[in-house]
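The listed protein sequences correspond, in order, to chains R and W. Under UniProt numbering, the letters of the first sequence match residues 1 to 220, in that order. Under UniProt numbering, the letters of the second sequence match residues 1 to 220, in that order. We put the CB at the ideal spot given by N, CA and C, even for glycine. Here's the structure, in structure tokens; my notes come after.
Number of protein chains: 2
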Amino acid sequence: MELTSTEENYLKAIYHLSDGGKKSVSTNDIAAEMKTKAASVSDMLRKLGEKEVIEYRKYYGLQITESGKRFALQTIRKHRLWEVFLVEKLNFAWDEVHEVAEQLEHIHSPLLVQRLDAYLNYPKFDPHGDPIPDEFGDVRARPRVQLNEMDVDQTGQIVAVKDSSAAFLRYLDKVGAYIGARIKVLDKVEFDGSLEILVDQKKTLFMSKDVSCNILVLQS
Amino acid sequence: MELTSTEENYLKAIYHLSDGGKKSVSTNDIAAEMKTKAASVSDMLRKLGEKEVIEYRKYYGLQITESGKRFALQTIRKHRLWEVFLVEKLNFAWDEVHEVAEQLEHIHSPLLVQRLDAYLNYPKFDPHGDPIPDEFGDVRARPRVQLNEMDVDQTGQIVAVKDSSAAFLRYLDKVGAYIGARIKVLDKVEFDGSLEILVDQKKTLFMSKDVSCNILVLQS
DNA sequence: AAATATATTTAGCTATATCTAAATTAATTT
DNA sequence: AAATTAATTTAGATATAGCTAAATATATTT
């Protein structure tokens, strides 16, 4: 069975919102995420239920099925592999890749995915630090904490961001807080939760809590 | 203005069937090429007319406009660049690329096309020997003849094929008549038009007229 | 427990892209 | 020039994906 691009996008949203099937998701949540209306979501849920990628009981809620998880992970895998390709091979900035990867992820060709993966040397993480599921859907997540939860003097490496809007990514690029940067918390202001950070042992940086809670760090 | 994938496909078909706007094309020709019905084509022609990529007078015929040519060439450019990518970077065989390129050509991102072009080192021809239009739509075609039109003792290089069905391409691969192969006509049988060919100065090959008239050669 | 508020679904509409069958126009025969 | 044939278009369906407005079910107050 094949899914349309729209169905793939809904399923991906459901997968993310439910945190991989753990949490429950409401029709309204999906509508907000997909920037559409609840009525349209209801229609789509019925269809996804018929295709058995979710289990759907109206007014009750939904549950992503094993089959649905495989489809979602396959789409996520393709999205992230293309992001690696765009950044590493075509020199895209990491804040320019999302929109294009959003289109490329819907290309249907198992051979293409397999060859792209090999060409990129089987990457485990995308340019935002998010893990790339392997062909069986297995994910090796790195344990990571939000930057704002770290204490003074603790160190680590930026491995991912929560907000991947172009505006946020541009800001990070500007201040030099890229994925892979080694950081140390120099000071923490109790009043507003803002931080003073040392980046790559040379540059100090002041950061609001709004920013720091969107940065994920692998502690060391 | 943006075209849908379907509109892009129709326009590409019209461009090819009209030989770049030179010949006239009928509704039925388009229907055959697009594997659809004449009624659907009529609908689409009206729409393409409204978008001013063709000039359409019903029952009379159509004419591709300058704007339409630009759109068609842009799609052809993307298709052929992706084919180069698939063959050169992802090790696809030249008979495996078409279907995937058919999907990839509809990705909308001027930056992507520009970067891909640079990454591939501004190729002028695709793996089947067809010219790749530049970003302004300019094409540098190579003068070429059908293999069956060559005389005994003439030499040249295979630069393109007319029939690019998977079956034909597989056959060529098997007998070693790849794009770029240097050939010499050793003998020509008047009776059935079949040929004896020397490939790369070592391998001789017998070839029916049906095959040879689908192979294009740059004479030397 | 009834009333109110919120969430969700259904009904009915729009637009795209397809189809078949009928109608119309153009081209060809006789 | 009339009749026939072929090509093309229109009319009226279907399916997807979206919308608004109305209806219905669930949740929360009072």
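If I measure Cβ to Cβ from residue 200 of chain W and keep anything under 7 Å in the same chain, skipping five residues before and after, which residues do I get?
Hits under 7 Å: 181 and 182.
I'd like to check one pair, residue 91 of chain R with residue 163 of chain R: are the Cβ atoms closer than 8 Å?
No, Cβ-Cβ distance for residue 163 of chain R and residue 91 of chain R is not below 8 Å.
Answer with buried or exposed for residue 166 of chain W, where buried requires no fewer than 16 other C-beta atoms within 10 angstroms of its C-beta.
The residue in question, residue 166 of chain W, is exposed, as its Cβ has fewer than 16 Cβ neighbours within 10 Å.
What residue range is occupied by the uninterrupted alpha helix (DSSP H) comprising residue 168 of chain W?
166 to 175 is the span of the alpha helix (DSSP H), which, as asked, contains residue 168 of chain W.
Rank R/102, R/117, R/35 and R/120 by C-alpha distance to the C-alpha of residue 112 of chain W and give the top, closest one.
Closest option to residue 112 of chain W, Cα to Cα, is R/102.
Taking 8 Å as the cut-off, decide whether the C-beta atoms of residue 17 of chain W and residue 71 of chain W are in contact.
No, they are not a contact pair.
Can you tell me which residues form a DSSP beta bridge with residue 207 of chain R?
BP columns for residue 207 of chain R point to R/195.
For residue 34 of chain R, which residues of its own chain have a beta-carbon under 6 Å away from its beta-carbon, when the five flanking residues on both sides are left out?
So the qualifying residues of the chain are 13.
Would you decide whether residue 151 of chain R is buried or exposed? Buried here means 16 or more other CB atoms lie within 10 Å of its CB.
So residue 151 of chain R ends up on the exposed side.
Using only CA atoms, which one of R/171, R/117 and R/36 lies nearest to residue 94 of chain R?
Closest by alpha carbon: R/171.
Roughly how many angstroms lie between the CA atoms of residue 109 of chain W and residue 190 of chain R, to the nearest whole one?
Approximately 45 Å between the Cα atoms of the pair.
Counting pairs of beta carbons, one from the stretch 65 to 79 of chain R and one from the stretch 125 to 143 of chain R, are three or more of them closer than 8 Å?
Touching, yes, given that three or more Cβ pairs across the two stretches are closer than 8 Å.
Measure the CB-CB distance between residue 78 of chain R and residue 105 of chain R and report whether it falls below 8 Å.
Contact: yes.
Can you give me the C-alpha to C-alpha distance between residue 19 of chain R and residue 146 of chain R, rounded to a whole angstrom?
The alpha-carbon atoms of residue 19 of chain R and residue 146 of chain R are separated by roughly 17 Å.
Keeping to the same chain, check which residues put their C-beta closer than 7 Å to that of residue 193 of chain R; ignore five residues upstream and five downstream.
Hits under 7 Å: 148 and 209.
Within this structure, are the beta carbons of residue 217 of chain R and residue 140 of chain R separated by less than 8 Å?
Contact: no.
Since residue 108 of chain W meets chain R, which of its residues come closer than 8 Å, beta carbon to beta carbon?
Within 8 Å Cβ-Cβ: 103.
Quick one: using the 10 Å Cβ neighbour count with 16 as the cut-off for buried, is residue 56 of chain W buried or exposed?
With 16 or more other Cβ atoms within 10 Å, it is buried.
Residue 89 of chain W touches chain R at which residues, Cβ-Cβ below 7 Å?
Within 7 Å Cβ-Cβ: 119.
Rounded to whole angstroms, what's the CA-CA distance from residue 24 of chain W to residue 206 of chain W? Just pull it up for me.
So the two alpha carbons sit approximately 37 Å from each other.
Could you tell me the alpha carbon to alpha carbon distance between residue 222 of chain W and residue 184 of chain W, rounded to whole angstroms?
Because chain W spans 1 through 220 in this model, residue 222 of chain W falls outside it and cannot be assessed.
For residue 84 of chain W, go through chain R and note every residue whose CB falls closer than 7 Å to its CB, in chain order.
The premise fails here: residue 84 of chain W is roughly 14 Å from chain R at the closest Cβ pair, so nothing lies under 7 Å.
Counting only runs that start and end within the stretch 136 to 170 of chain R, where is the beta strand (DSSP E) found for 3 or more residues in a row?
Counting whole runs of 3 or more residues, the stretch 136 to 170 of chain R contains the beta strand (DSSP E) stretches 155 to 161.
In chain order, what residues of the same chain lie with their CB nearer than 6 Å to the CB of residue 186 of chain W, ignoring the 5 residues before and after it?
Result list for residue 186 of chain W: 196 and 198, in chain order.
According to the neighbour-count rule (16 or more other Cβ atoms, all chains shown, within 10 Å of its Cβ), is residue 39 of chain W buried or exposed?
Exposed.
Mind checking the stretch 114 to 139 of chain W against chain R and listing, in chain order, the residues whose C-beta falls within less than 7 Å of any C-beta there?
So the close ones are 115, 116 and 119.
Tell me which residues share the same chain as residue 3 of chain R and place their Cβ nearer than 8 Å to its Cβ, disregarding the 5 neighbours each side in the sequence.
Excluding sequence neighbours, residue 3 of chain R sits near 11, 51, 53 and 71.
Taking residue 89 of chain W and residue 119 of chain R to be in contact with their CB atoms under 8 Å, please state how far apart those CB atoms are, rounded to whole angstroms.
6 Å between Cβ atoms; contact.
State the beta-bridge partners of residue 182 of chain W as determined by DSSP.
According to DSSP, residue 182 of chain W bridges with W/157.
Run through DSSP, which three-state label would residue 53 of chain R get?
Coil at residue 53 of chain R, not helix or strand.
Taking the alpha-carbon of residue 9 of chain W as reference, which of W/69, W/60 and W/61 has the nearest alpha-carbon?
Answer by Cα proximity: W/69.
Please list, in chain order, all residues of the same chain as residue 117 of chain W whose beta carbon is under 7 Å from its beta carbon, the five residues on each side excluded.
The residues are 81.
How many angstroms separate the CA atom of residue 154 of chain R from the CA atom of residue 202 of chain R?
Those two C-alpha atoms are separated by around 16 Å.
Going by beta-carbon coordinates alone, are residue 161 of chain W and residue 126 of chain W separated by less than 8 Å?
Result no, Cβ atoms of residue 161 of chain W and residue 126 of chain W do not sit closer than 8 Å.
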